[in-house]
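Scroll down for the structure; my scribbles are underneath it.
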Amino acid sequence: MPPSPISPCSLIAAMVQGRFFEFLTECGCDLKQEDFRTFITVDHHEIANFLEEHHEDATRYFDRYRRASATHDVPAIYMDEGEYITAWMDHGVATSMRRFPDVYQAVADHVLMFYGMPRAAVKHVNPILGQPANNRENKV
11 MPPSPISPCS
21 LIAAMVQGRF
31 FEFLTECGCD
41 LKQEDFRTFI
51 TVDHHEIANF
61 LEEHHEDATR
71 YFDRYRRASA
81 THDVPAIYMD
91 EGEYITAWMD
101 HGVATSMRRF
111 PDVYQAVADH
121 VLMFYGMPRA
131 AVKHVNPILG
141 QPANNRENKV
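In this note's numbering, the protein residues as written are 11 to 150.
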């Protein structure tokens, strides 16, 4: 049976609320035959916009995952010096760190990492010179 059309808002809500796989099954997706990532049709911008409209989902997600105690091969999200940080944890060491001014952007980045999706392009800035590194945008 082909899956039902999936609304982007419903998809994002399911991802953020931790019921993504259940939601896909309810939509008729065959997760034994297809990679679940093929059903993720939203990007960082769409997730962040959704979260701005659903602030309580963003704060609940942040609160749930900032307390995560796992430190190996997992995405992390936390606050440091007034900024929201996302990173990939490798044996307790934060790698691929990104800083965001608001919870919506940070949660959107974490959601994409959590489900194994590519993160949005970011401009890497040389912290000493305050200029873009290599004068180009890098994709993670």
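By construction, the Cβ of each residue, glycine as well, lies at the ideal position given by its N, Cα and C atoms.
Remember, predicted model here, so these are calculated numbers, not experimental data.
{"Query": "Bridge partners for residue 49 per DSSP, in chain order?", "Result": "None, per the DSSP bridge assignment."}
{"Query": "Determine, for residue 58, whether the minimum Cβ-Cβ distance to residues of chain B falls below 8 Å.", "Result": "Judged by its chain identifiers, the structure shown contains no chain B, having just a single protein chain."}
{"Query": "Going by beta-carbon coordinates alone, are residue 94 and residue 112 separated by less than 8 Å?", "Result": "yes"}
{"Query": "Given this structure, state the Cα-to-Cα distance separating residue 64 from residue 55, to the nearest angstrom.", "Result": "14 Å"}
{"Query": "DSSP three-state label for residue 20, please.", "Result": "helix"}
{"Query": "For a test of the three-state rule: what should DSSP assign to residue 75, helix, strand or coil?", "Result": "helix"}
{"Query": "If you pair each beta-carbon of the stretch 47–62 with each one of the stretch 72–86, do three or more pairs fall below 8 Å?", "Result": "no"}
{"Query": "Taking residue 90 as part of the beta strand (DSSP E), name the residues at either end of that continuous run.", "Result": "84–90"}
{"Query": "Can you have a look at residue 120 and say buried or exposed, based on whether 16 or more other CB atoms are within 10 angstroms of its CB?", "Result": "buried"}
{"Query": "Looking at the unbroken beta strand (DSSP E) that takes in residue 127, where does it start and where does it end?", "Result": "Looking at the DSSP string, residue 127 is not in any beta strand (DSSP E), and its letter there is neither H nor E."}
{"Query": "For residue 80, which of helix, strand or coil comes out of DSSP?", "Result": "coil"}
{"Query": "Find the nearest neighbour of residue 28 within the set 86, 37, 125 and 45, judged by alpha-carbon distance.", "Result": "125"}
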